[in-house]
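> My questions will all concern the structure given below.
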Amino acid sequence: MNEKYEESFDSSAELVTEPASCEKYRPALEYTFFQELIDNLPYALMTLLGSTVIIIGLKSSWWGWGLAILYAMYSITGVFWIILFLCPYCHLFNTRSCPCGYGRLAARWRAPKDSRLFREKYKKHIPVIVPLWFIPPLTGGIMLIKSFSWLLFLLLIIFILDAFMILPLFARKYGCTHCPQKDACPWMEGKDTI
293 MNEKYEESFD SSAELVTEPA SCEKYRPALE YTFFQELIDN LPYALMTLLG
343 STVIIIGLKS SWWGWGLAIL YAMYSITGVF WIILFLCPYC HLFNTRSCPC
393 GYGRLAARWR APKDSRLFRE KYKKHIPVIV PLWFIPPLTG GIMLIKSFSW
443 LLFLLLIIFI LDAFMILPLF ARKYGCTHCP QKDACPWMEG KDTI
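Counting in my numbering, the sequence shown runs from 293 upward without gaps.
Here it is, written out as structure tokens:
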């Protein structure tokens, strides 16, 4: 029995310990539309809560509504900014392996770019959306100081929990955990996903 095994074993064959480069960044995990929707819920909730904080904070005035609409438009524009200017550099571009689904959307408008530049592009383009996390707390906080409201206070607490705890936790544990680019991502640098 050992002789047959030895005959069939080719000692000149190389042992492959790493996946081929084209497979290295193509994880087997593919997301459904429903899973992509779930991945986007904390951001959508942040946008809705942020707009509501602005409306309530500014006492439902016409300019409060106007600023809330501008905030929501900024949030939506931020998504498309990321889709157009960051996603083409991602290894998950035009695959179902992108947890948020942006990579497939980006492929409709942009050609793939050099994925080695992802880290650089991330650092350049993510700051465009960062103010979304701070506009509602600043607006709501100022309005709370001027005229306290339990409703506004509660909305601010929920916004802060979603924007600064749930959204990052959700991204890190749900989306980033399976991302093959997490080692090159400035957001995940030094963070444990387990």
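Using N, Cα and C, we set each Cβ at its ideal position, and we do this for glycine too.
DSSP three-state label for ALA391, please.
Numbered from 1 along the sequence shown, position 99 holds the residue referred to as residue 391. According to the sequence as given, residue 391 is Pro; it is not Ala. Coil, per DSSP.
> Do LEU384 and CYS390 have their C-beta atoms closer together than 7 Å?
Along the sequence shown, read from residue 1 onward, the residue named residue 384 stands at position 92. Along the sequence shown, read from residue 1 onward, the residue named residue 390 stands at position 98. Their beta carbons are under 7 Å apart, which means LEU384 touches CYS390 by this criterion.
> Straight-line CA distance for CYS477 to SER441?
For this step, residue 477 is matched to residue 185 along the sequence shown. For this step, residue 441 is matched to residue 149 along the sequence shown. One C-alpha to the other measures close to 40 Å.
> Spell out a yes or no on whether the segment 355-374 and the segment 413-433 are touching, meaning 3 or more CB-CB pairs, one atom from each, closer than 8 Å.
Judged by Cβ distances under 8 Å, the segment 355-374 makes contact with the segment 413-433, as three or more pairs qualify.
> DSSP on LEU329, reduced to helix/strand/coil?
Residue mapping note: residue 329 aligns to position 37 of the sequence shown, counting from 1. Three-state result, LEU329: helix.
> Between GLU322 and the rest of its own chain, which residues show a CB-CB distance below 7 Å, the 5 nearest in sequence each way excluded?
Residue numbering aside, residue 322 sits at position 30 when the sequence shown is read from its first letter. Correct list, in chain order: ARG388, SER389.
> DSSP state of PHE440, grouped into three classes?
In the sequence shown, residue 440 corresponds to position 148, counting from 1. Coil at PHE440, not helix or strand.
> Across the segment 424-431 and the segment 341-359, are there enough close Cβ pairs to call them in contact, namely three or more that are closer than 8 Å?
These segments touch.
> Can you tell me which of the three DSSP states GLU527 falls into?
What the structure shows of the chain is the stretch from 293 to 486, and residue 527 is not part of that stretch, so it cannot be assessed.
> Cα separation between ASP454 and LEU359?
Sequence index remark: in the sequence shown, residue 454 carries index 162 (1-based). Sequence index remark: in the sequence shown, residue 359 carries index 67 (1-based). Going by the C-alpha atoms only, they are around 21 Å apart.
> Going by CA-CA distance only, name the one from ARG400, CYS468, PRO380 that's closest to ASP406.
Locating residue 406 in the sequence shown gives position 114, counting from the first residue. The residue with the shortest Cα to Cα distance from ASP406 is PRO380.
> For LYS413, count neighbouring Cβ atoms within 10 angstroms of its own Cβ and tell me buried if that reaches 16, exposed if not.
Taking the sequence shown and counting its residues from 1, the one referred to as residue 413 is at position 121. Under this definition LYS413 is a buried residue.
> Buried or exposed for PRO423, going by 16 or more other Cβ atoms inside 10 Å?
One-based indexing of the sequence shown puts residue 423 at position 131. With fewer than 16 other Cβ atoms within 10 Å, it is exposed.
> Report yes if the C-beta distance between GLY395 and CYS382 is below 7 Å; otherwise report no.
Working through the sequence shown from its first residue, we reach residue 395 at position 103. Working through the sequence shown from its first residue, we reach residue 382 at position 90. Yes. Within cutoff.
> Ends of the alpha helix (DSSP H) at ILE375?
For this step, residue 375 is matched to residue 83 along the sequence shown. Its alpha helix (DSSP H) spans residues 354-377.
> Excluding the five sequence neighbours on either side, which residues of its own chain have a C-beta within less than 7 Å of the C-beta of ILE346, listed in chain order?
Position 54 of the sequence shown holds residue 346. Excluding residues within five positions, the ones whose Cβ falls inside 7 Å are GLY356, LEU359, ALA360, TYR363, PRO428, THR431.
> Pick helix, strand or coil for ASP454, following the three-state DSSP scheme.
Working through the sequence shown from its first residue, we reach residue 454 at position 162. Helix.
> Quick check on LYS323: does DSSP put it in helix, strand or coil?
Residue numbering aside, residue 323 sits at position 31 when the sequence shown is read from its first letter. The identity of residue 323 in the sequence shown is Tyr, whereas the question assumes Lys. It is coil, neither helix nor strand.
> PHE462 lies in the alpha helix (DSSP H); which residues open and close that run?
Here residue 462 refers to the residue found at position 170 when the sequence shown is read from its first residue. Here the alpha helix (DSSP H) through PHE462 covers 459-462.
> For ARG402, which of helix, strand or coil comes out of DSSP?
Position 110 of the sequence shown, counted from the start, is the residue given in the question as residue 402. Correct three-state label for ARG402: coil.
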